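See structure below.
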Amino acid sequence: MKKLINTAESVVEDALNGMAAAHPSLRIRDHVVYRAQGPRRGKVGLVSGGGSGHEPLHVGFVGHGMLDAACAGEIFTSPVPDPIIEATLGVDGGAGVLHIVKNYTGDVLNFEMAAELVEGVEVASVLVDDDVAVQDSLYTAGRRGTGATLFVEKIAGALAEEGAPLARVAAVAQEVDERSRSFGIALTSCTTPSAGKPTFDLPETEVELGIGIHGEPGRARVPLAPARELAEVAMEAVHRDQPLRGDLLVMVNGMGGTPLMELYVVFAEVAAFIKGKGARVTRSLVGNYVTSLDMQGFSVSVCLLDDALTRLWDAPVETPALRWGR
Amino acid sequence: MDTDLFVAWFEETARLVREERDRLTRLDAAIGDADHGTNLDRGLTEVCKALADSAPESAAEVLTTAGTTLIRRVGGASGPLYGSVFRQMGKALLTPVTLAGFSAAFEAGVVAVERLGKAALGDKTMVDALAPASRALALAVRDGVSVQEALDQAARAAAEGAKATIPMQARKGRASYLGERSIGHEDPGAASAVLFMTALATVAG
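Chains A and B supply the protein sequences, listed in that same order. Each residue of the first sequence is one higher than the one before, starting from 1 at the first, in the UniProt record's numbering. Each residue of the second sequence is one higher than the one before, starting from 1 at the first, in the UniProt record's numbering.
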């Protein structure tokens with residue numbers, strides 16, 4: 001598998017150097033991406049992070065109206081506690097810090113340890129667990145955090161920017177997670193630079209249903225079908241778990257290796273499905289936002305909006321990967 | 001069981017993990033995210049470096065240094081999980097180190113990882129290799145066998161425990177996302193736990 005890298009070992013570092021060179025609004029130190037201007041007095045700091053390979057998540061969401069810092073781990077491997085502690089101390093403006101953590105065992109353990117070890121900063125945490133492909137039960141590690149992470153970071157970031165206290169920022173982050181559901185479908189596996197070959201084999205004629213964002217296989221494998229049918233499978237899973245109603249924020253997210261044109265093909269089917277259920281797409285996002293390296297496929301994420309959440313979604317944001325209104 | 005033995009334990013584990021790196025990663029690719037071999041290889045290289053730099057004076061110090069290094073350097077789930085095993089083991093280990101003392105400290109390490117990972121025997125995790133190894137050590141102490149015999153028995157128990165994960169359905173970690181599709185694969189965490197136990201038996205000989 002051909003890759004545009006120098007070496008597999010240096011790929012995370014090299015990519016972060018590129019981000020620093022491209023975006024003067026960022027300051028990057030020890031695998032943590034900060035806003036260049038530093039913390040603002042009295043504003044709650046937002047820290048997220050996780051394994052690399054999901055770009056632009058999380059590092060591309062650092063900036064006004066969204067994250068204050070993002071910790072980049074090795075590819076698909078959560079960061080260790082030290083940089084999370086550094087990030088937490090580095091963004092504190094005296095109002096406390098919210099950790100936004102995707103629900104994976106490694107991320108949860110490392111962020112928990114960091115929160116325990118950090119001194120002199122009030123820390124709250126929210127776990128994002130929106131993936132309906134995983135049964136939430138005693139028999140699993142719980143649902144994975146996927147596309148809704150972007151919703152949580154954007155909306156909580158907007159509220160923090162307005163100067164809301166930590167408890168309210170944490171509460172809105174939790175609320176967005178509870179109102180959001182996602183489901184992903186892969187046409188191919190992904191290839192990590194260190195392995196150099198696809199994580200799993202998927203025949204030309206089959207797709208993987210209910211995939212995560214680390215190249216882990218999904219729940220089932222079925223024959224490839226037209227986009228309409230695949231979109232329906234994803235939306236049925238979302239709808240079954242949380243019936244679609246009212247105003248919706250809908251993201252059709254590419255896994256990294258799917259052309260935007262195909263994502264729009266999927267979005268048309270998703271929108272038709274939603275209309276059929278009597279709900280409305282009032283805010284939308286189509287593109288590669290929460291990726292899995294070069295995997296082909298899509299995930300769809302839906303959040304039930306109300307006026308307050310819509311207003312926070314519309315609030316100005318200025319990050320490398322998401323920017324409007326400013 | 002002296003300090004050098006414990007340093008040698010991690011050096012031998014690092015060597016074994018390097019040798020078996022691709023197999024661990026293959027196991028992880030089947031039911032996880034294909035990074036277990038790479039991460040553990042990186043972590044143990046760091047552990048050996050830390051042990052060489054810090055020249056620990058006791059077995060307990062070797063274990064806590066190794067544990068802290070794994071927590072601070074590996075990332076993912078395996079870093080904090082293995083790190084906690086060795087940190088807790090180091091905290092519980094009394095000097096001079098006897099087989100009975102090591103067995104008790106090992107048990108404390110296993111309890112720590114069960115608590116942190118909220119995993120129990122049968123969940124298809126590293127606990128399925130570590131807990132039987134711990135039980136084998138305790139039985140060996142009861143039976144009064146030699147250190148070498150005890151460590152051999154622990155390594156065998158770990159290997160059997162890892163093999164027993166093959167028909168299990170995972171209930172913890174990323175493999176649990178696969179539901180029934182996790183059946184039929186050896187758990188990579190249990191497989192790497194076997195390498196730790198095999199290395200210990202090897203360097204004791």
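Here a beta-carbon is modelled for each residue, glycine too, at the ideal position from N, C-alpha and C. What you are looking at is a predicted structure, and each value in this text was computed from that prediction instead of being measured.
Name the chain A residues whose beta carbon is nearer than 8 Å to that of B/Lys124?
Within the second sequence, residue 124 of chain B is the residue found at index 124, counting from 1. The premise fails here: B/Lys124 is roughly 11 Å from chain A at the closest Cβ pair, so nothing lies under 8 Å.
Does the CB of A/Arg168 have a neighbour CB from chain B at under 8 Å?
Position 168 of the first sequence, counted from the start, is the residue given in the question as residue 168 of chain A. So, not an interface residue.
DSSP state of A/Ile75 mapped onto helix, strand, coil:
For the purposes of this step, residue 75 of chain A is taken as residue 75 along the first sequence, with counting starting at 1. Strand.
Rounded C-alpha distance that separates A/Arg40 from A/Tyr104
For the purposes of this step, residue 40 of chain A is identified with residue 40 of the first sequence, where counting begins at 1. For the purposes of this step, residue 104 of chain A is identified with residue 104 of the first sequence, where counting begins at 1. Their backbone Cα atoms lie some 30 Å apart in a straight line.
To the nearest angstrom, how far is it from the Cα of A/Ala87 to the Cα of A/Cys71?
Stepping through the first sequence from its first residue, residue 87 of chain A is reached at position 87. Stepping through the first sequence from its first residue, residue 71 of chain A is reached at position 71. The straight-line gap from Cα to Cα measures roughly 7 Å.
Within-8 Å CB hit, B/Lys172 to chain A:
Your numbering for residue 172 of chain B matches position 172 in the second sequence. Interface residue, yes.
Name the residue from A/His58, A/Val44, A/Asp107 whose alpha carbon lies nearest to the alpha carbon of A/Leu89.
As a first step, residue 89 of chain A must be located in the first sequence, where it is residue number 89. Per the C-alpha coordinates, the member of A/His58, A/Val44, A/Asp107 positioned closest to A/Leu89 is A/Val44.
Name, please, each residue of chain B whose Cβ falls closer than 9 Å to the Cβ of A/His58.
Your numbering for residue 58 of chain A matches position 58 in the first sequence. Within 9 Å Cβ-Cβ: nothing; A/His58 doesn't reach chain B, min ~15 Å.
Can you check DSSP and say which residues form a bridge with A/Leu127?
Numbered from 1 along the first sequence, position 127 holds the residue referred to as residue 127 of chain A. For A/Leu127, which the question treats as bridged, DSSP gives the partners A/Val101.
Excluding sequence positions up to five away, which residues of its chain have a Cβ less than 7 Å from the Cβ of A/Val266?
Position 266 of the first sequence holds residue 266 of chain A. Once the five neighbours on either side are set aside, the close Cβ partners of A/Val266 are Ala227, Ala231, Val252, Phe298.
Nearest-angstrom Cα distance between B/Val47 and B/Arg15?
Taking the first residue of the second sequence as position 1, residue 47 of chain B is located at position 47. Taking the first residue of the second sequence as position 1, residue 15 of chain B is located at position 15. For B/Val47 and B/Arg15, the distance between alpha carbons rounds to 12 Å.
Are any of the Cβ atoms in chain A nearer than 8 Å to that of B/Ala193?
Mapped onto the second sequence, residue 193 of chain B falls at position 193. No, its Cβ sits nowhere closer than 8 Å to a Cβ of chain A.
Among A/Val12, A/Leu322, A/Val176, the one whose alpha carbon lies nearest that of A/Glu285
Numbered from its first residue, the first sequence carries residue 285 of chain A at position 285. For the sequence presented, residue 285 of chain A should be read as Leu rather than Glu. Nearest of A/Val12, A/Leu322, A/Val176 to A/Leu285, Cα basis: A/Leu322.
Could you give the residue range of the alpha helix (DSSP H) that holds B/Ser84?
By one-based count along the second sequence, residue 84 of chain B stands at place 84. Residues 78-92.
Using a C-beta to C-beta distance shorter than 9 Å, which residues of chain B count as neighbours of A/His239?
The residue given as residue 239 of chain A occupies position 239 in the first sequence. Neighbours of A/His239 in chain B, taken as residues at a C-beta separation under 9 Å, are lacking, since the least C-beta distance is about 21 Å.
Excluding the five sequence neighbours on either side, which residues of its own chain have a C-beta within less than 6 Å of the C-beta of A/Arg280, listed in chain order?
Numbered from its first residue, the first sequence carries residue 280 of chain A at position 280. Closer than 6 Å at Cβ, skipping near neighbours: Asp247.
Contacts of A/His214 in chain B (Cβ-Cβ under 9 Å)
Indexing the first sequence from 1 puts residue 214 of chain A at position 214. In chain order: Gly32, Asp33, Ala34, Asp35, Arg174.
Should residue 334 of chain A be labelled buried (16 or more other beta-carbon atoms within 10 Å of its own) or exposed?
Residue 334 of chain A lies beyond the stretch modelled for chain A, which goes from 1 to 326, so this question has no answer here.
Reference A/Gly50; option with closest CA among A/Ser10, A/His99, A/Gly94, A/Ala21:
What you label residue 50 of chain A is simply residue 50 of the first sequence in a count that begins at 1. When each option's Cα is compared against that of A/Gly50, the closest is A/His99.
So with CB distances below 8 Å, who are the chain A contacts of B/Arg115?
As a working note, residue 115 of chain B is residue 115 in the second sequence. Within chain A, no residue comes near B/Arg115; the closest Cβ sits about 12 Å away, beyond 8 Å.
What residues match up with A/Gly256 in a beta bridge as DSSP calls it?
Residue 256 of chain A sits at position 256 when you count from the first residue of the first sequence. Paired residues: A/Met295.
Burial state of B/Lys172 (16 or more Cβ within 10 Å):
Here residue 172 of chain B refers to the residue found at position 172 when the second sequence is read from its first residue. Buried is the call here.
Reduced DSSP secondary structure (H/G/I, E/B, other) of A/Ile155
Numbered from its first residue, the first sequence carries residue 155 of chain A at position 155. Three-state DSSP puts A/Ile155 in a helix.
DSSP state of A/Pro217 mapped onto helix, strand, coil:
If you number the first sequence from 1, residue 217 of chain A lands on position 217. Here A/Pro217 carries a coil assignment [DSSP, helix/strand/coil].
Fully enclosed by the segment 88-132 of chain B, which alpha helix (DSSP H) runs are 4 residues long or longer?
Fully enclosed alpha helix (DSSP H) runs of 4 or longer: 99-117.
If you measure from the beta carbon of A/Leu202 to each beta carbon in chain B, is any gap under 8 Å?
Position 202 of the first sequence, counted from the start, is the residue given in the question as residue 202 of chain A. The beta carbon of A/Leu202 sits no closer than 8 Å to any beta carbon of chain B.
Sort out for me which residues DSSP pairs A/Trp324 with in a bridge.
By 1-based counting over the first sequence, the position of residue 324 of chain A is 324. Looking at the DSSP assignment, A/Trp324 forms a beta bridge with A/Val317.
Going along the segment 59-84 of chain B in order, which residues come within less than 8 Å of chain A, judged by CB to CB distance?
Cβ contacts with chain A: Ile71, Arg72, Arg73, Val74, Gly75, Gly76, Ala77, Ser78, Gly79, Pro80, Leu81.
Do we get a CB-CB distance below 8 Å when we pair A/Glu55 with the residues of chain B?
Along the first sequence, one-based indexing puts residue 55 of chain A at 55. No, A/Glu55 lies away from the interface with chain B (no Cβ there is under 8 Å from its Cβ).
Return the residue from the list A/Leu67, A/Ala156, A/Ser292, A/Glu229 that minimises the CA-CA distance to A/Gln174.
Position 174 of the first sequence, counted from the first residue, corresponds to residue 174 of chain A. In terms of CA proximity to A/Gln174, A/Ala156 leads the group A/Leu67, A/Ala156, A/Ser292, A/Glu229.
In the DSSP assignment, the alpha helix (DSSP H) including B/Gly161 goes from what residue to what residue?
Translated into the one-based positions of the second sequence, residue 161 of chain B becomes position 161. Segment 147-163, the alpha helix (DSSP H) holding B/Gly161.
What does A/Thr291 reach in chain B if we use C-beta pairs closer than 9 Å?
Here residue 291 of chain A refers to the residue found at position 291 of the first sequence. Going along chain B, no residue has its Cβ under 9 Å from A/Thr291, so there is no contact; the nearest lies around 14 Å.
Assuming B/Gly90 and B/Gly67 make a contact with CB atoms under 8 Å, what is their CB distance in whole Å?
Sequence index remark: in the second sequence, residue 90 of chain B carries index 90 (1-based). Sequence index remark: in the second sequence, residue 67 of chain B carries index 67 (1-based). Contact between B/Gly90 and B/Gly67 holds, with the beta-carbon distance rounding to 6 Å and staying under 8 Å.
Could you spell out the range, first to last residue, of the alpha helix (DSSP H) harbouring B/Leu40?
Your numbering for residue 40 of chain B matches position 40 in the second sequence. Where B/Leu40 is concerned, the enclosing alpha helix (DSSP H) stretches over 36-54.
Residue range of the beta strand (DSSP E) that includes A/Ser284
Within the first sequence, numbered from 1, the residue matching residue 284 of chain A stands at position 284. Start and end: 280-287.
Any C-beta of chain A sitting closer than 8 Å to the C-beta of B/Arg23?
Walking along the second sequence from the start, residue 23 of chain B turns up at place 23. No - not a single Cβ of chain A is within 8 Å of the one on B/Arg23.
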